[in-house]
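4 protein chains.
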Amino acid sequence: MDIQTMGTPRLRGGDPTFRDRYRGIRDWTVGLTEGLAPEDQVVQTMEDVSPTKWHLAHTTWFFETFLLLPHHPGYRLHDERYPYLFNSYYVQAGARHCRDQRGHISRPTVEEVLEYRHHVDRAMMDFLEGGPTRDNPDLSYLVELGLNHEQQHQELLLTDLKHVFSVNPLRPAYAPGVEEQPAESGSSPVAFRWVEIPSGVQQIGWSGSGFAYDNEGPRHRRFIEPARLANRLVTNAEYLEFIEADGYRRPELWMSEGWALLASQGWTAPFYWEQRDGEWWTFTLSGMRPLDPDEPVSHVNWYEADALARWAGARLPREEEWEVAARGQPIEGNLAEKRWFHPRRGSSGASGAGEFAQLFGDVWEWTQSHYSPYPGYRPEAGAVGEYNGKFMVNQFVLRGGSCATSGSHLRTSYRNFFHPDKSWQFTGIRLAKDGLTD
Amino acid sequence: MDIQTMGTPRLRGGDPTFRDRYRGIRDWTVGLTEGLAPEDQVVQTMEDVSPTKWHLAHTTWFFETFLLLPHHPGYRLHDERYPYLFNSYYVQAGARHCRDQRGHISRPTVEEVLEYRHHVDRAMMDFLEGGPTRDNPDLSYLVELGLNHEQQHQELLLTDLKHVFSVNPLRPAYAPGVEEQPAESGSSPVAFRWVEIPSGVQQIGWSGSGFAYDNEGPRHRRFIEPARLANRLVTNAEYLEFIEADGYRRPELWMSEGWALLASQGWTAPFYWEQRDGEWWTFTLSGMRPLDPDEPVSHVNWYEADALARWAGARLPREEEWEVAARGQPIEGNLAEKRWFHPRRGSSGASGAGEFAQLFGDVWEWTQSHYSPYPGYRPEAGAVGEYNGKFMVNQFVLRGGSCATSGSHLRTSYRNFFHPDKSWQFTGIRLAKDGLTD
Amino acid sequence: MDIQTMGTPRLRGGDPTFRDRYRGIRDWTVGLTEGLAPEDQVVQTMEDVSPTKWHLAHTTWFFETFLLLPHHPGYRLHDERYPYLFNSYYVQAGARHCRDQRGHISRPTVEEVLEYRHHVDRAMMDFLEGGPTRDNPDLSYLVELGLNHEQQHQELLLTDLKHVFSVNPLRPAYAPGVEEQPAESGSSPVAFRWVEIPSGVQQIGWSGSGFAYDNEGPRHRRFIEPARLANRLVTNAEYLEFIEADGYRRPELWMSEGWALLASQGWTAPFYWEQRDGEWWTFTLSGMRPLDPDEPVSHVNWYEADALARWAGARLPREEEWEVAARGQPIEGNLAEKRWFHPRRGSSGASGAGEFAQLFGDVWEWTQSHYSPYPGYRPEAGAVGEYNGKFMVNQFVLRGGSCATSGSHLRTSYRNFFHPDKSWQFTGIRLAKDGLTD
Amino acid sequence: MDIQTMGTPRLRGGDPTFRDRYRGIRDWTVGLTEGLAPEDQVVQTMEDVSPTKWHLAHTTWFFETFLLLPHHPGYRLHDERYPYLFNSYYVQAGARHCRDQRGHISRPTVEEVLEYRHHVDRAMMDFLEGGPTRDNPDLSYLVELGLNHEQQHQELLLTDLKHVFSVNPLRPAYAPGVEEQPAESGSSPVAFRWVEIPSGVQQIGWSGSGFAYDNEGPRHRRFIEPARLANRLVTNAEYLEFIEADGYRRPELWMSEGWALLASQGWTAPFYWEQRDGEWWTFTLSGMRPLDPDEPVSHVNWYEADALARWAGARLPREEEWEVAARGQPIEGNLAEKRWFHPRRGSSGASGAGEFAQLFGDVWEWTQSHYSPYPGYRPEAGAVGEYNGKFMVNQFVLRGGSCATSGSHLRTSYRNFFHPDKSWQFTGIRLAKDGLTD
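Protein chains in written order, with our numbering: chain A, 651 to 1088; chain B, 651 to 1088; chain C, 651 to 1088; chain D, 651 to 1088.
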């Protein structure tokens, strides 16, 4: 089977049946673990990171718990002890193992987890064959949710593995050849330019008939004051300028809490950067590589993004500004389907004066917007209502997806969210500015 | 001297000169420490709390550092070692003592701190006499800022003392007779009612000629979707219903982080509540008192406020919703000038159908709004620019002032802010709801 | 090859050559990992625990570092990055990986570690063939030290694995059939009896021509006041009496620090005990089993041992008391060679009135003696001098070996040592009492 | 009243009646607080430190709890809430306030605590007048225990105050003129010399008719191998040599746990040392002073003492070695009665070849001996049995008293004990060596 083809289903397209899409997305997950040793799939290097085999099992548990058990008559639990192990945070779905001890669990082995996947996959194929989802929009929604959930964990599996390999002094490569970008990727970044965005009263949030997370709606109005967004992402070269201008030694550029963290944790550069004999290197899923100045900067946390923007006389965009800028743009770019798993220079170019580059893919773009509910927000009923709503505090919205996000998973209204001190995701910066002129 | 009269200057009125207002506000601070033993003024019971004598000294340092030293020729530091001790967080104003060790400093004694105040007050009176502020709006702004700063610390001095006394098993009273509310305070809360607020495009933020903090501006437009606000604050009786309905045992009512804190810190009721033989009591600045069901609930953190609102089928207001509701209302209520220092039942009644009670005073009202910069926000230049801007992360906006806030210090556009887990301030709840009907 | 035969070499016997003993001990280590999945060998469940594959590699590093590199001309490092990963605590042998992050290292895989072992084993066989150790007692000592070191890690490998499996809700068994004790193990414990020990001036510490650790000498004199030791170990049944007499709720029985730990960590029973429906169970290397009242109690920490002794009107022995009691006794009992890996009832019986049972094997016996240097103690020169001496603070001596200790590794003068709060080893209790009569 | 005279009662002498001695010791305590502001007496700067007013109250609580309440008919508690506040660690005497929050308690004020003292003192004088202790040795013992307890807290009061003042950037002096040592104190240290101590079987521990703590007995025999002790204490100059020989950068000199603490806490010199412009200064109860090279080094922890000894090719003494060396020596030296409160150069000289200097006073001398019970040890019955016995783990014995210890409180058999990482007491070093020649 061609994993790449199968793994890039059109999520909202009509022709591929649910069964094909289910199989394609599920196979893509397992395909990501090719070449890994069992040892690689057990380790948890910090609380944010989950072991690979936990991701494989947890996504399976999701289908078992929310679809097979309640809606597929005759289904029997694969192992009655697994729900406790593989429930992540769904309080209403029962007790669960401590998050920070996922790396203490050697059994079930990777092989046993793959058996669990097969068991559930067979039942799901059977379930989807029966067509109960055809006439039941609630069940359709749950299947879609399960598939989108699986895609989110595909991205986490990659960023978590990157962390696992990075703390190993041997610095193993996830996929030695994965980064063979085509020749055109050698082009330079497009010239920096401010682009005016639509202002006044704007409609924000998801509207349409396909799947979206509950946190993307309801669609509502916002007043946008005149503002500009950068036409492209901040590059490593530009971030280096900030470092060399003593960016990490000037408290006036930082939020007070960021400055305290910088001091206590010793931040001096983005997360995976390392200086060797005066040269900057960065850890990638292909191992250590010299820093490419023309690539978009990645693995910065919100405090770093905010400080760089202040140093540049700019600010981070609000999420609604990003959304009206991206409206109507095709969801194309350096996304997971390309299997590069690293931001690349000059991707998805912007040729015209009013155009944006790199809106989708490469890196998630930090916004100034706290992750809050939209006016009129209501979470889904039941345990799946815990999916998004209960995290709406102390996190910031990111937009646009990364090189580890499937394009089939994204939407212009998509709201990702992380705490401001997190940097193990592919997270970068697009600048914004108030007003239309300086 | 009549402290009460002097302590309630009209901050933006024209007739009292700067000198009168300076003296009145400074004297009010010292008046708050009457009846305290020196021992009471040294203790720091948690990192958020500062000792009374630190407040007395820090507010003095503010005038010395930002006005006398740079702008009053010939001024000499009272003690060259004090700036290190009494700078709070102004990085650009030099090195400073660790915040969490303010309670380790027995010297200077209270008496020596009062001498420091006299020294600075004499110089300030001299400085203001000279009139340098008359023609220099920047200096005027700094004096106003210093006075407003002092008023904020008056409130902190009271809430910090409350904490200091509360952890003492002897449960001392700050002011035994302070709570003698007039007879009319025995009235019941007004009947609960939803009140529609203005919607559509609205102007938000400070505009006017008087003093306001930089974070209250610039004035800008927001689109407000149709919504309603409660006509009054949530009462203790209503909060008790939430407790009795297992509010603290139902994770689905809570933000995930709030639930984790609840579990690890053992929250079961608002901060100063205590159950004795089946009856609820609460610690006040007058000592332990039986809980009055008709008083507004106070000392709840944001997570509690948010959970109660969810349980009630409502939500917390956004700050712009609160602001348009309060627009045009007089700044009256149970404020510091009354010297009750405790929320009271039925204060500032709302007689008509469209009216709000308790908008100002009693308790600060938690909003759903993360503390973020307004569009176009620019902090002041120099060290005083650190006053507000560098805290715009992980905090939530509160509106309306409390029983420990001077009315002369408040504005409709006033934005207070605290982290969502804090409850040692007088913080309470006003409910909001989307739409105009259920 | 017969692992059991090879794994029980006579360490100080003359006939087996060094090469046979080297091979036997090294093979025994690998034999202990039979039946483990790679996943089992990566996990670190607390700082005290090391992953199985780390033990396999670290013992190999010991021979590579202290014998092959300095003394085997032409030897080349198997992998120049391994010394950093597999040095444990030998500061003089170079930088090393953080102990608490051994479980973050997925590579080298188990297979790669076994290749490392083969590489070093081939070189060691070659080295020992050459006979450089024949005429060089320093080299002989180092080989002996390496073999004894390996045997210590064999025990740790087992106790660490036990911890790894115990925290897994699936409760896997290390070796399902390992515990098939012979029928005679069903016998009851011998009757409890106090046995007088030799008193007056006694010689303590190692003397002889074979190998001993530096901490066992030099031999010196101690004055032993008249005292008695119990003829056998405390049983589970006796420990249960202590629990049922509120032993864990009576602070007067405990050292102050032990009581604080009991309260903060919630101790209510020995480490691996668990109550299910009113019955006590215990986790073993064969999985969960009902508690056998007649087995020696195991997995108690020093505080528990000390508290039980106080409750029983007795005390823990001093290490010199234990040594004079054990003098002349054969090193026999429930030791690792039996492959039961669990204390057993009634092992190595004491038939006569003045005899001791269970002195060797079953469980390490906590003593009242702080782990301090003997008079005249001198550590070995160089990095191997760090083996014992630098740990002589805050630890207590244990004597006698356990069911996971090779008999070929033990001596009457052997001093094991652990911190008083540790209980993941097979640690138990023998009582002592001052005087010859009550 | 002459405090100095009254404060140096002969504890075991016969002529001063109990009443005189009671009054003398109690007055000495209050005399130590002369010149302190109330603010100084509230602060707690780390968990080990207690506020001055807590010491004043806790010593009073001891007499109230163990003598007046049970044995003085008609006595009424001064304040029923005080026992909770001022019980330190006597579990059997009831619940108590958290040790680490003693500095959070502003009330009772210093004045109120002094009233508490007066109340108890009046009752005690009355009680002692009645003579119930004359015929009741148990009561006599309790009074003696209370007085000895008070004397221990006199020393702690001073060392705790030293810490409180030391963390204040203003560096206040406890007693500006306290250190005016007589001229002869300018003499040099005596020449260093090893002195042989008695060996073979020796009697150790208290024997006699006066008061001693339970931990000093029973008297028992020990075998002492031939050894030597230094005739005087290690000086600052000698300790500086250790520092300059990279003593703090050579892990092979340190216990492993000491090295980890050194690294994490950044030890580079004794606790109160500070380098200013290349010169060493030290904080004293008289403020900052240039380091006197000829004074005994003080404020070293056990790890530092042990490392210096190893560097010097020596070791710390065992407590029995110290005791046989000190046997028969008069209890004289730089003790609290001198009111210098700082170690001094060349005190209590040793003129002859076999003589020891500085055995008593100046600094407590760390020994190699873990604080363990003597053979046959039994704690006192009841709550006072908690006085010593429950601390016999993870602490090391110190001998000889310091410049803050009353000579009337000391005995040759006196065993002080602290954890090996503590350095806020006056703690120093006397070297020891195995054998009689090198």
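All residues carry an ideal CB built from backbone N, CA and C; glycine is no exception.
is_contact[residue i, chain B] using C-beta, thresh 7 Å
{"i": "Gly796 (chain A)", "result": "no"}
{"i": "Pro822 (chain D)", "result": "yes"}
{"i": "Val692 (chain D)", "result": "yes"}
Chain D contact for residue i (CB, 7 Å cutoff)
{"i": "Val741 (chain C)", "result": "yes"}
{"i": "Met905 (chain C)", "result": "yes"}
{"i": "Ala687 (chain B)", "result": "yes"}
{"i": "His870 (chain C)", "result": "yes"}
Residue i, DSSP secondary structure in three states
{"i": "Trp711 (chain A)", "result": "helix"}
{"i": "Asp1084 (chain A)", "result": "strand"}
{"i": "Thr679 (chain D)", "result": "helix"}
{"i": "Met696 (chain C)", "result": "coil"}
{"i": "Thr934 (chain A)", "result": "strand"}
{"i": "Trp1014 (chain B)", "result": "strand"}
{"i": "Glu945 (chain D)", "result": "coil"}
{"i": "His886 (chain C)", "result": "Correcting the residue identity first, residue 886 (chain C) is Asn in this sequence and not His. Three-state DSSP puts Asn886 (chain C) in a helix."}
{"i": "Asn798 (chain A)", "result": "helix"}
Between the CA atoms of residue j and residue i - distance to the nearest angstrom
{"i": "Tyr1037 (chain D)", "j": "Trp704 (chain B)", "result": "39 Å"}
{"i": "Asp810 (chain D)", "j": "Trp1074 (chain D)", "result": "8 Å"}
{"i": "Arg676 (chain D)", "j": "Ser816 (chain D)", "result": "27 Å"}
{"i": "Trp952 (chain A)", "j": "Asp1071 (chain A)", "result": "6 Å"}
{"i": "Asp750 (chain D)", "j": "Val814 (chain B)", "result": "15 Å"}
{"i": "Phe668 (chain B)", "j": "Ser1019 (chain B)", "result": "35 Å"}
{"i": "Pro876 (chain A)", "j": "Arg871 (chain B)", "result": "11 Å"}
{"i": "Gln853 (chain C)", "j": "Ala975 (chain C)", "result": "12 Å"}
{"i": "Leu1081 (chain D)", "j": "Leu883 (chain D)", "result": "8 Å"}
{"i": "Leu682 (chain D)", "j": "Thr934 (chain D)", "result": "16 Å"}
{"i": "Pro1023 (chain D)", "j": "Ile874 (chain D)", "result": "18 Å"}
{"i": "Met774 (chain D)", "j": "Leu718 (chain D)", "result": "7 Å"}
{"i": "Ala745 (chain B)", "j": "Phe716 (chain B)", "result": "15 Å"}
Test: residue i CB closer than 7 Å to a CB of chain C
{"i": "Ser756 (chain A)", "result": "yes"}
Residue i burial status per 10 Å Cβ neighbour count (16 or more: buried)
{"i": "Cys748 (chain C)", "result": "exposed"}
{"i": "Arg965 (chain D)", "result": "buried"}
{"i": "Pro720 (chain C)", "result": "exposed"}
{"i": "Asn786 (chain B)", "result": "exposed"}
{"i": "Pro940 (chain B)", "result": "exposed"}
Cβ distance (whole Å) where residue i is taken to contact residue j below 8 Å
{"i": "Trp990 (chain D)", "j": "Asn1066 (chain D)", "result": "That belief does not hold up - the Cβ atoms of Trp990 (chain D) and Asn1066 (chain D) are roughly 19 Å apart, past 8 Å."}
CB contact check: residue i to chain A, cutoff 7 Å
{"i": "Asp1084 (chain B)", "result": "yes"}
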